[in-house]
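Below is one structure, written out as structure tokens; comments come after it.
Protein chains: 2
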Amino acid sequence: MIKALIFDVFGTCVDWRGSVARAVAAVLPDIDAEAFATAWRAEYEPAMARVREGARGYVALDELHLENLDTVARAFSVDIPDRMLLNAAWERLDPWPDVVAGLTRLKREVIIAPCSNGSIALMTRLARHAGLPWDCILGADIARGYKPQPEVYLAACAALRLPPEAVMMVAAHNDDLIAARTAGLRTGFVPRPTEHGPGQRRDLSAQSDWDVIARDFTELAGKVAALGPSGGVSRADA
Amino acid sequence: MIKALIFDVFGTCVDWRGSVARAVAAVLPDIDAEAFATAWRAEYEPAMARVREGARGYVALDELHLENLDTVARAFSVDIPDRMLLNAAWERLDPWPDVVAGLTRLKREVIIAPCSNGSIALMTRLARHAGLPWDCILGADIARGYKPQPEVYLAACAALRLPPEAVMMVAAHNDDLIAARTAGLRTGFVPRPTEHGPGQRRDLSAQSDWDVIARDFTELAGKVAALGPSGGVSRADA
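In order, the protein sequences belong to chains A and B.
Under my numbering, the first residue of the first sequence carries the number 25, and numbering increases by one thereafter.
Under my numbering, the first residue of the second sequence carries the number 25, and numbering increases by one thereafter.
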């Protein structure tokens, strides 16, 4: 019985690219803000990889974002007036339009929580900004590691005292779901075809037989509710 | 500037004694349910003490509650029809009548989170039952330790990426606040004079000059809001 849904956040729940670009444009009006946002995000994977590979201990994503901002500022040859303030752009990302209503509906049935590489601090402030009605905050800080390491998914399940098969990971990224399925979780895919802008080529569709595939969180909520007890969904509190 | 309020939960936010007694009475109609609830709770401190003292590693409170239930069932010479179900009574505690409205008002200004000895799983399900609108769940699981160990308060602040002086601990228990103040946090006291029943003698009033003293969460919310920026309260998102 599925008792909880846990969610990727950057890209799946919120439009990081558009939101960060707007924050960049507000303080650096003379540069290509979308290119800056994309370059900032491009440093994300290699920065986490150094932690995953053990080259450095666990560092919260807030710190990695700040280091990466310095890297990108150098590449763009710009001075950032207030590094901490611009870094907080990651706490003020706007949700995709279907997200708040979909999560609100899902929360009636199951526990909902982020399972993001963002820290508890980042996810907490982002939830306040975007109105994401999480029951609790799970993810990287709980595991002191970064997805797709299996311990991040497993630590989220353990924190809820649920077996992996009672938890569905929802993401717009096929590789996130491959890792979650390998760790024993159920999987839900929602495409976000403009996460990376108009020319996006990755993750335009489901690349496996994920347990649920929905075009947005509205359809996700309907499909999860429709599974019902016979389909393996049980109210979290039953 | 205070940016977050973190809360003791058992006794401060919810009536554990009345709620557990009702759950006990429902499955064990022939015993003194209030005495059973009190005896169950009496095992709480010694069970956590063994973890604090290092006699055993960190074990979530759910496990301690279950072990303690077995101890008390033996003392009362009763068989529990469904141990796990009765243990889940701790996830279904009713809030004091002022709590939900007070937290809802406080949440407009500051981050609110439990800093309880209950696990993330327990606090998550309890929040769903009682309608506690937490921004995130902090406490024992985050620190892998039990209050009043200083690391529990400090881990809560660190998870929010706030210095201790920007966080106020709210409790109905003076010893909780002594420990929080020693760790550098601000303090708020709300008495719960019937937590332990009609004959309660401890914690009937503030035993120190806590930063805020309020008769309930309604007054707490008003006093915190009235502090305003000049009194050291800043909107969490400002």
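By construction, the Cβ of each residue, glycine as well, lies at the ideal position given by its N, Cα and C atoms.
May I ask whether a heavy atom of the ligand MG can be found less than 7 Å away from the beta carbon of residue i?
{"i": "Arg74(B)", "result": "With respect to the ligand MG, the structure offers nothing, as it holds no ligand at all."}
What is the C-beta distance between residue i and residue j, in whole angstroms, given that I count them as a contact (C-beta under 8 Å)?
{"i": "Ala57(B)", "j": "Ala49(B)", "result": "4 Å"}
{"i": "Ile30(A)", "j": "Cys160(B)", "result": "Wrong, their Cβ atoms sit about 14 Å apart, outside the cutoff."}
{"i": "Pro174(B)", "j": "Ala203(B)", "result": "7 Å"}
{"i": "Ala196(B)", "j": "Asp32(B)", "result": "7 Å"}
{"i": "Ala71(A)", "j": "Leu88(A)", "result": "4 Å"}
{"i": "Ile136(B)", "j": "Leu127(B)", "result": "6 Å"}
{"i": "Arg66(A)", "j": "Ala45(A)", "result": "Note that residue 66(A) is Ala in the sequence shown, not Arg. Between Ala45(A) and Ala66(A) the Cβ distance is about 14 Å, and since that is not below 8 Å, they are no contact."}
{"i": "Pro119(B)", "j": "Cys37(B)", "result": "6 Å"}
{"i": "Arg41(A)", "j": "Gly221(A)", "result": "6 Å"}
{"i": "Asp86(B)", "j": "Ala145(B)", "result": "6 Å"}
{"i": "Phe34(A)", "j": "Ser140(A)", "result": "7 Å"}
{"i": "Tyr170(B)", "j": "Arg76(B)", "result": "5 Å"}
{"i": "Asp165(B)", "j": "Ala183(A)", "result": "6 Å"}
{"i": "Arg149(A)", "j": "Glu115(A)", "result": "4 Å"}
{"i": "Phe213(A)", "j": "Leu228(A)", "result": "That belief does not hold up - the Cβ atoms of Phe213(A) and Leu228(A) are roughly 11 Å apart, past 8 Å."}
{"i": "Arg168(A)", "j": "Val191(A)", "result": "With 8 Å as the limit, Arg168(A) and Val191(A) do not qualify as a contact, their Cβ atoms being about 19 Å apart."}
{"i": "Glu104(B)", "j": "Ala97(B)", "result": "Looking at the sequence provided, one finds Ile at residue 104(B) rather than Glu. Right, their Cβ atoms sit about 5 Å apart."}
{"i": "Arg107(B)", "j": "Leu90(B)", "result": "6 Å"}
{"i": "Ala2(B)", "j": "Leu110(B)", "result": "Outside the shown range of chain B, which is 25 to 262, sits residue 2(B), and nothing can be said about it."}
Using three-state DSSP, classify residue i as helix, strand or coil.
{"i": "Met108(B)", "result": "helix"}
{"i": "Cys160(A)", "result": "coil"}
{"i": "Val236(A)", "result": "strand"}
{"i": "Phe100(A)", "result": "helix"}
What are the residues that DSSP puts in a beta bridge with residue i?
{"i": "Asp39(B)", "result": "Asp118(B)"}
{"i": "Phe34(A)", "result": "Val38(A)"}
{"i": "Leu251(B)", "result": "Answer is none; Leu251(B) lacks a bridge partner."}
{"i": "Ala28(A)", "result": "Ile135(A) and Val191(A)"}
- Got a sec: which bits of the region 133-151 of chain B sit with their beta carbon under 9 Å from any beta carbon on chain A, in order along the chain? Ile135, Ala137, Ser143, Ile144, Ala145, Leu146, Met147, Thr148, Arg149 and Ala151
- Task: Please list the segments of the alpha helix (DSSP H) lying wholly inside the region 52-90 of chain B, counting only runs of 4 or more residues, in order along the chain.
- Result: 57-66 and 68-76
- Within the region 190-230 of chain B, note down every full beta strand (DSSP E) run reaching 3 residues or more, in order along the chain. Runs of the beta strand (DSSP E) lying entirely within the region 190-230 of chain B and spanning at least 3 residues, in chain order: 191-195 and 210-213.
- Message: Residues of the region 168-189 of chain B in Cβ contact with chain A at a cutoff of 7 Å, in chain order, please.
- Response: Listed by position along the chain: Ala183, Leu184 and Arg185.
- Message: Residues of the region 69-86 of chain A in Cβ contact with chain B at a cutoff of 8 Å, in chain order, please.
- Response: Ala84 and Asp86
- Item | Near-chain B residues of the region 30-53 of chain A (beta-carbon distance less than 8 Å), N- to C-terminal order | Residues passing the 8 Å Cβ filter: none.
- Please go through the region 135-185 of chain A and give each complete alpha helix (DSSP H) segment of 4 or more residues, from N-terminal end onward. 144-154, 164-167 and 174-183
- Message: Please identify, using Cβ separations under 9 Å, the residues of the region 84-118 of chain B that lie next to chain A, in order along the chain.
- Response: Going along the region 84-118 of chain B in chain order, one finds Ala84, Asp86, Glu115 and Arg116 with a Cβ nearer than 9 Å to chain A.
- Query: For the region 154-167 of chain B, which residues have a beta carbon sitting closer than 7 Å to at least one beta carbon of chain A?
  - Reply: Asp159, Cys160, Ile161 and Asp165
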